[in-house]
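Residue numbers (my numbering), protein chains in the order written: chain A, 172 to 411; chain B, 172 to 411; chain C, 6 to 221; chain D, 886 to 1139; chain E, 523 to 745. Comments concern the structure below.
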Amino acid sequence: MIEIKGVHKSFGDLEVLKGIDLNVNRGEVVSIIGASGSGKSTLLYCINAIEKINSGNIIVDGIDVHDKKTDINKLRQNLGMVFQQWNSFPHLTVLENAALAPQIVKGFSKEKAQEIATKELIHVGLGDKLHEYPTRMSGGQQQRLAIARALAMEPPYMLFDEVTSALDPELVGEVLDTLRLLRDDGMTMICVTHEIAFAKEVSDKVAFFHEGLIEEIGTPQQVLDNPQRERTQQFLSKVL
Amino acid sequence: MIEIKGVHKSFGDLEVLKGIDLNVNRGEVVSIIGASGSGKSTLLYCINAIEKINSGNIIVDGIDVHDKKTDINKLRQNLGMVFQQWNSFPHLTVLENAALAPQIVKGFSKEKAQEIATKELIHVGLGDKLHEYPTRMSGGQQQRLAIARALAMEPPYMLFDEVTSALDPELVGEVLDTLRLLRDDGMTMICVTHEIAFAKEVSDKVAFFHEGLIEEIGTPQQVLDNPQRERTQQFLSKVL
Amino acid sequence: MNLFTPLSWSDSGFILTGILNTVYISVVAIIVGSLLGLLVGFVRAESNKSINMLLGAFLDVLRSVPLIIQLILFTTFIGAMGYPLNPFAAGSIILSLYTMAFMSEVFRSGFDSVPTSTIKAARSLGLNYLQTVRYIRIPIGMRAVFPSWLGVALSVIKDSALVSVIGYMELLRTAEQLISRTQQPIMILIGVGLFYFMISYPLSRYGKYVERKMEI
Amino acid sequence: NASADKLDDVIKRGTLNCGVVLDFPPMGYTDKDNKPAGFDVDYCNDLAAVLGVKSEVINLTWGDRIPSLISAKTDVVVGSTSDTLARAKSVGFTYPYFVFKFQVLSKKGVRMASFDDLKDVKVGAALGTTYETEYFKYADSKGWGRDNYTSFKSENDAFLGLYQGKIDALISTNTNIATKLTSGQFDGFVAGPYVPNYDDVVGLIAKRDELAWIKYLNLFLVHQIRDGRLNELHMKHFGTAVSPDMVQSLRDNK
Amino acid sequence: MNNYEFHWNVVFDAFPQLLSGAFTTVHVSVLSMLVGIVIAVLLALGKLSNNKVFYHFANIWIEIARNTPALFLIYMAYFGLGAYGIHLSPYLAVFSALVFINAGYLAETFRGGFQSIPTTQYSAAKSLGMNNIKVYRYVILPQMFRRIYHPMTNQFVWSILMSSLGILVGMNELSGETQRLQSTSFRTLEFFMVAAAMYFVITKLVLFTSSLIAKKVFKGELS
Ligand SMILES: Nc1ncnc2c1ncn2[C@@H]1O[C@H](COP(=O)(O)OP(=O)(O)OP(=O)(O)O)[C@@H](O)[C@H]1O
Ligand SMILES: Nc1ncnc2c1ncn2[C@@H]1O[C@H](COP(=O)(O)OP(=O)(O)OP(=O)(O)O)[C@@H](O)[C@H]1O
Ligand SMILES: [Mg+2]
Ligand SMILES: [Mg+2]
């Protein structure tokens, strides 16, 4: 379970998160929507401790992420993360990309690491690209590689930050399909997304961010079909 | 009138156009849809003689485009073209971009060229950006600049190649509005597009391309609402 | 008889001539080398494999043989052929060719950096080949490579010091002669170093500034 | 025109391009106005005068001498060029116009009783000179190796190197060393032994095939001796009369 | 040809000396490259560091190296330092000038290579649970190496070509050896033509080897 309690976060003078509370239970899929700059990515970065927070707590399976005593590299193994901009490691093949972390972080043997990696790559539909270099692949394929790479660490949680928004329209579908697959596997996920239809389809909960606060949260039906808050309505009318 | 008769076109071994027949009358708006790689862009390039054809004829207002004796630079003045990737000239201001061709191709005086350019730029809504450099503008604005630049040659025909598909979603609208404007002005247009809703709204005819052939052609109602061919149905079910 | 005489004010004219000679030959080499480089770069960007191979091989030799050897070899050779050249002429020719070898790559990458889609856009407006080159490819391509161009130009100024080996009285050779006479290398050398630095440093800063500005 | 030779060329051109090595005082150097001066420069001027043309002195390093001739930058090099048989395959030599001894100049306090003492000190000379070759020949015959030897691009660099202490001793010509010692700048140094059994006989050089030109130069040299000009210039640049030995040797060698 | 007769047998006889000169050329360039790389890493770190002293030291070094002629720096190392009683042999003078310049140029290359790796690569690697050392060892440095490989090769070629300035301080590398040989035999054209050819061959060999290595190490990725 991920528990986010009263999280504040500033970049210099700019307060980006102004007190976020959010719980994500095992097996749940939570989508975060909201205008650009509302702090959605920042929250994900804070959950993964890539950014420090100013106050509040983020607890993952009982462990305080931002506690100094927490072994952050160990914790991150539980939190797979995929970014908007695909960032495959260009100097490694697809298989090596996915096998790197299991091998050097978890300490698996090369064979074992590659076995897991291969499994996940097949899972996301890249079984025929194992020895390709990612720079030769489309954005959608690279994004699926990034997902497989995160999955190869076998994390209980996955964080997705607008993983389709840098993709050409025709490539969006294949990546969303992969996310659906994960949902069906029962993966716990937080998805920052602009794809409202997708959010409606896969989410258990949808949170609408506005200027560093959760303006509205609830089931997709509540938030997306019957938004109560004016800001949510405005936002939805613009993107739909 | 643009008459396309039995056009074949290969790149090396790859036959991209396998016999295209299509007539576009003055004042008509024809939309071309179809999967990636089906040859849509290639056809536009061939109409504008940017690519040579292997056989067949393309006749614009009675002039054979691919005849050796045709003065292609003169012909192109009748065929405005706008590309998927906005191609503003980065070293010139917006006004200079649009005034360049009238001045050096048509031989207008600088004043006259700028006058026409200004008129077209105001038409597409860039009246307040005349002395801006295009690199400072959004993709949508650059795309409208490209349209104005083509219009400044006062061509009777305009060819549009997926002019919105490289744009961020929020910028698509402004460019489509500009196209609507042109349609309302009575401009003859061929639009390659992925925006089915837009195609349905503005077109007199819609042609569905499949692997280098026109699989189906007719009014938007015929092709988009009641497609007869299985391939058209498949394609539409995927993109809608 | 006075073999060793200290540096004096009367030497300033002599030094100034050295400075002017350095500036003079550098400017000639940069201008001629850039023009030739523009031409060769364009030909290379436009032409097929075999012409490119030929040109490439020639440029390769210019880039793979030390400038100092080229200078000595060229002056000796052309003289032996019966066309003696003074150090300035011979130095300018070799330095210009050497500059061209590097400039042509700079300009070639400039021409290549203009997207084909932009060229197609220009052609679709009815611009013919030459108009496209003149109004689109050269201005866009050249802007993109200005920092690299400046980099090559600065290295030419520095390399011009080597023309001293064929007897051209540029700054460094002037300095050497003064050192022989005064036996005071330090002061004179530092002065020379400062001169180069004062030309090169601000310009290279400016180049970096432009580069950064272009990235944004 | 085809039959015109160098002599005609020079007279027609009205200038004599005369190469001199200007870092070899007192044969060639630059004075305080950075103008060429020295024995060789005066020879150039004398030659130009008898030809009735303007004298253009061209500054060369040792290594430049041949390239300057081949590239026709110079018509003649008055540059203390040792008349070795190897070089004579490439350029044309005149009669000798001067005879040098090769000598060691060393720091005071460095033991330099005989030439063999060079074995144990850091020694240097200008690159590509005959004394460098002679030193190598001697060192090789004694099996010294070359680790203690440093080449310099030019004569001046060699003296600067000795002055700065890069080397303890250098080899140059007796004349050059004598001049340097009288200048006062080399007070801490002493002239030492000569290179054993070697007289450095030097001539003017020109292109090998310009026979008429070389003949003219030969006659010029003879006249310099006969007319007393050699002696005059020796007085001017060395402060002493030219020794009868040297005059004899020049006459013999011709 | 205006009655210049080539005498190739002189050159042929002197070939061992030319080869030994070529060896010295390669020797001094390789060594100056290796030492230059080590210093360049330190200078690059200096330019990236917040320590003012370290930063300015690196900056001054880099700017002097990049903005003054190599020939000047060689003179400076030879006669400039000599005036203070620091006596470098011709080899050491050329070597230290080349090291100084290589370090200056390579430092900028390294810094550029370092900064060209997108920060998203760090985030991605960290999000996989890698600690800082692993992030650098497995993700950042290998990518950086690819980016600096070609500039480094070019710098190496530059070093080879610039070591020819050894001719001006009487060093026994290829050019100096050539100069000596032509001074004693007076066969200027022949010797310098052969020297030019040797330089050409050496640089081509270096470039060829470098691209072979690149093909092997970088396999198909990037270009
Ligand atoms: N490293 C940083 N330093 C300073 N400001 C930052 C930094 N990262 C983000 N910000 C700022 O914080 C705010 C929130 O950014 P964030 O990326 O979280 O927004 P977002 O909701 O993800 O938007 P988008 O939909 O555009 O990705 C923005 O104003 C952004 O400029
Ligand atoms: N210059 C070229 N050389 C070789 N092949 C080409 C060239 N241009 C296009 N092709 C090929 O021709 C085929 C048709 O390309 P075209 O760009 O016309 O397709 P399209 O229908 O416009 O697709 P999209 O929707 O992706 O723009 C593709 O397979 C493409 O790879
Ligand atoms: Mg974001
Ligand atoms: Mg297309």
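Built from N, CA and C at the ideal position, the CB exists for glycine as well. Since this is a predicted model, take the numbers as computed values, not measurements.
* Residue-level contact to chain B via CB, C:LEU132, 8 Å cutoff -> yes
* List, in order along the chain, the chain E residues whose C-beta lies closer than 8 Å to that of D:LYS1022? -> Chain E residues near D:LYS1022: none, gap ~11 Å exceeds 8 Å.
* Mind checking the region 1043 to 1062 of chain D against chain E and listing, in chain order, the residues whose C-beta falls within less than 8 Å of any C-beta there? => LEU1045, GLY1046, GLN1049, GLY1050, LYS1051
* To do: Pull out every residue of the region 692 to 705 of chain E whose Cβ sits closer than 9 Å to any Cβ of chain D, in chain order.
  => GLY692, MET693, ASN694, GLY698, GLN701, ARG702, LEU703, GLN704, SER705
* Any idea what DSSP makes of D:ASP925, helix, strand or coil? -> helix
* Asked: Which value, in whole angstroms, describes the spacing of the CA atoms of E:LYS656 and A:ILE275?
  -> 8 Å
* To do: Report buried or exposed for D:TYR1034, applying the criterion of at least 16 other Cβ atoms within 10 angstroms of its Cβ.
  => buried
* To do: Give, in chain order, every residue of the region 649 to 682 of chain E whose Cβ lies closer than 7 Å to some Cβ of chain A.
  => SER649, LEU650, GLY651, MET652, ASN653, LYS656, TYR660, VAL661, PRO664, GLN665, ARG668
* Check B:PHE260 in the structure and name its three-state DSSP category. => coil
* To do: List the residues of chain B that A:GLU372 touches, going by C-beta distances under 9 Å, in chain order.
  => What A:GLU372 touches in chain B: nothing, since even the nearest Cβ is about 16 Å away.
* Using the beta-carbon of each residue, which ones in chain D are nearer than 9 Å to E:SER611? -> THR1035, LYS1051
* Compile a chain-ordered list of the residues in the region 195 to 213 of chain B whose CB is closer than 7 Å to at least one CB of chain A. => The region 195 to 213 of chain B vs chain A, Cβ under 7 Å: SER207.
* If we ignore side chains and look at the alpha-carbon of each, how far apart do C:MET6 and D:SER1068 end up? -> Here C:MET6 scores only 47 on pLDDT, less than 50, and its place in the model is too uncertain to base an answer on.
* Could you tell me whether any Cβ in chain B is nearer than 8 Å to the Cβ of C:LYS218? => no
* Express the C-alpha separation of D:VAL895 and D:ASN886 in angstroms, rounding to a whole number. => Since pLDDT at D:ASN886 reaches only 46, below the 50 mark, its modelled position is unreliable, and no value is offered.
* **Pairwise C-alpha distance: A:TYR328 and A:VAL178** => 19 Å
* Touching by the beta-carbon criterion (3+ pairs, under 8 Å), the region 925 to 932 of chain D and the region 890 to 910 of chain D -> Enough Cβ pairs lie closer than 8 Å, so yes.
* Counting only the same chain and skipping the five closest in sequence on each side, list residues whose C-beta sits under 8 Å from that of B:HIS365. => Answer for B:HIS365: ILE204, GLU333, THR335, SER336, VAL410, listed in chain order.
* Using 7 Å as the cut-off, classify the Cβ of B:SER209 as near or not near the heavy atoms of ligand 2, replying yes or no. => Result yes, Cβ under 7 Å from ligand 2.
* beta strand (DSSP E) runs wholly inside the region 969 to 1036 of chain D, at least 3 long, in chain order -> 976 to 992, 1008 to 1011
* Please report the residue range of the beta strand (DSSP E) in which B:ASN228 lies. => 226 to 231
* Interfacial residues, the region 585 to 618 of chain E to chain D, with Cβ spacing under 7 Å -> PHE601, GLY604, ALA605, GLY607, HIS609, SER611, PRO612
* Asked: Using CA coordinates, which residue listed in D:SER1026, D:TRP1029, D:VAL1008, D:HIS1108 is at the minimum distance from D:PHE1037?
  -> D:VAL1008
* Determine the extent of the beta strand (DSSP E) in which B:MET252 is found, giving its start and end residues. => 250 to 253
* Asked: Does B:VAL276 get closer than 8 Å to chain C when you measure Cβ to Cβ?
  -> Look at B:VAL276: its C-beta is under 8 Å from a C-beta on chain C.
* To do: Check whether the Cβ of A:LYS363 lies closer than 7 Å to any heavy atom of ligand 3, and answer yes or no.
  => Strictly speaking, residue 363 of chain A in this sequence is Val, with Lys absent from that position. A:VAL363: yes, Cβ under 7 Å from ligand 3.
* What does C:TYR201 touch in chain F if you count any residue whose Cβ is under 7 Å from its own? -> In the structure shown, chain F does not exist; the protein chains are A, B, C, D and E.
* Who are the neighbours of E:PHE708 on chain D, taking C-beta pairs under 7 Å? -> Residues of chain D whose Cβ lies closer than 7 Å to the Cβ of E:PHE708 are, in chain order, ILE951, ARG972, SER975, VAL976.
* **E:ALA625 to E:ALA592 span [Cα, whole Å]** => 13 Å
* Asked: Cβ of B:PHE182 versus every heavy atom of ligand 2: is any distance shorter than 7 Å?
  -> yes
* Could you check which residue in A:CYS362, A:GLU386, A:ASN225, A:SER309 has the C-alpha nearest to that of A:LEU338? => For the set A:CYS362, A:GLU386, A:ASN225, A:SER309, the Cα lying nearest the Cα of A:LEU338 is the one of A:SER309.
* Residues bridged to D:ALA1054 (per DSSP) -> Partner(s): D:SER991, D:VAL1008.
* With a 10 Å radius around its C-beta and 16 neighbouring C-beta atoms as the bar for buried, classify A:GLN392 as buried or exposed. => Counting the other Cβ atoms within 10 Å of the Cβ of A:GLN392 gives fewer than 16, which makes it exposed.
* D:TRP1098 at chain E interface by Cβ criterion, 8 Å -> no
* Return the CA-CA distance between A:GLY291 and A:PRO273, expressed in angstroms with no decimal places. => Correcting the residue type first, residue 291 of chain A is Glu in the shown sequence and not Gly. So the two alpha carbons sit approximately 12 Å from each other.
* Is the number of C-beta pairs between the region 628 to 640 of chain E and the region 232 to 240 of chain A that are closer than 8 Å three or more? -> no
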